[in-house]
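Only one structure is covered here, and it is reproduced in the block below.
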Amino acid sequence: MSGIIRHIGLWILAAGFSWATVILAAGPIRALRMSSPFWVFWPMVLLISAGFWFATPWLASAKLAALGFLAVAAVIGLFTEIEKLGVSRGSAAGVSVAALVAGVGVGFGAWCREMRISPATWLSKWVETALTKVKEVNPSITFETEQIVSQLPSALIILGLIAIAIAVVSEGTWMRVLGTASDWKANRSWTDFRLADFAIYGLMAVLLASFTQHDVKWLTALGLNGLNVFVVLYFFQGMAVVFKACDHFAVGPFWRVFLGFILTLQLALIVAVVGVADYWLDIRNRLNRPPVQTKSKTEI
């Protein structure tokens, strides 16, 4: 009985997180999918999404919460389903994020067709309205509407990646809340995350497309979107390096949380550089190497 109550409580918490922050619902949803059978998890996702949708008269932004909860649950649920098949986390994340982009694209396109409006026009007006409000608060912002609209695809991909990252990092905590163990992934750790070696060539390609002088606007937009995604991926790798070092030097939980906030909010680009440097320096393997034994004078 206590297990059922815990599951119901975590579903309610996931719904609350979705309404308040959207992205933080990823952790509870990951734990719920790992501890619930297929035939329980997906109907519950649809039930909560429908509940949000029909709560519009009583709950502010209820329809946005419904779409947000459904999107996060779909990404994390699909990621977990694929990973349970024995597929690597990288491949599972790639397929899940691709499905998110395709689903949002098709859904948004269908809605625009139904409303008889141009997707580009609607996005431009939406971004321009939001940007105007931001500039009223901070006039120093120099971004233009066209720049932001052209990089919205990478923003969607990044949101999907962040949701998966939150889910993986926090899954242990939420599984303990449920009082459930997960043997199938016990030997995997997020601090072992490492991009494939060929990713460095992709980073070089998007840097060239973004910052070389040419008049091909679509190539610049493609390069900037790719660069945004690579920066986030290498940030994740850099954080994995940092927290692997924390494991090595036995850093306490408080300092890990404090360090995580500082690095994320203030030094994210530096952490991404650490992630790129790990390609050449292989920092985590160096940490795991045993110290070189030197001969004492008595042995010489």
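When we follow this note's numbering, the leftmost residue of the sequence shown carries the number 86, and every step to the right adds one.
Each residue gets a CB set at the ideal place from its N, CA and C atoms; glycine is no exception.
The Cβ neighbour count for residue 220, taken over all protein chains shown within 10 Å, is under 16; the residue is labelled exposed. In the displayed model, residue 213 falls within a helix according to three-state DSSP. Residue burial is scored here from C-beta neighbours: residue 259 has at least 16 other C-beta atoms within 10 angstroms and is therefore classed as buried.
The C-alpha of residue 183 is placed about 28 angstroms away from the C-alpha of residue 214. When only Cα atoms are considered, residue 286 and residue 280 end up about 12 angstroms apart. Between residue 349 and the set 367, 323 and 373, the nearest pair of CA atoms involves 323.
For the options 263, 152, 247 and 133, the alpha carbon positioned closest to that of residue 113 is the one of 263. The C-beta distance from residue 95 to residue 102 rounds to 10 angstroms, too long to fall under 8 angstroms, and the pair is not in contact.
Burial state of residue 148 is exposed, judged by a 10 Å Cβ sphere holding fewer than 16 other Cβ atoms. Scanning its chain for C-beta atoms nearer than 8 angstroms, with the 5 sequence neighbours on each side dropped, one finds around residue 282 the residues 364, in chain order. For the 7 angstroms CB-CB criterion, residue 209 and residue 230 form a contact. Leaving aside the five residues that flank residue 154 on each side, the residues in its chain whose CB is nearer than 7 angstroms to its CB run, in chain order, 100, 103, 110, 133, 134 and 137. Between residue 241 and residue 185 a beta carbon distance of about 7 angstroms is seen, short of the 8 angstroms cut, so the two are scored as contacting. Contact between the stretch 307-323 and the stretch 239-256 is present: 3 or more CB-CB pairs across the two stretches fall below 8 angstroms.
Between residue 326 and residue 359, the gap from beta carbon to beta carbon is short of 7 angstroms. DSSP places residue 232 within a helical segment (H, G or I) once states are collapsed to three. When only Cα atoms are considered, residue 88 and residue 161 end up about 22 angstroms apart. Taking C-beta atoms as the reference points, residue 275 and residue 301 fail to come closer than 7 angstroms. Its chain contains 284, 287, 288 and 291 as the residues whose beta carbon lies nearer than 8 angstroms to that of residue 315, once the 5 sequence neighbours on both sides are disregarded; these appear in chain order. Assignment of residue 224 by DSSP, reduced to helix, strand and coil, places it in the coil class. Closest by C-alpha distance to residue 176, out of 249, 195 and 126, is 249. Counting along the chain, the unbroken alpha helix (DSSP H) around residue 126 starts and ends at 123-139. Residue state for residue 174 is assigned as helix, using DSSP reduced to three classes.
Shortest Cα-Cα distance from residue 370 to any of 233, 278, 143 and 139 involves 278.
Taking a C-beta distance under 7 angstroms as the contact criterion, residue 181 and residue 193 do not qualify as a contact pair.
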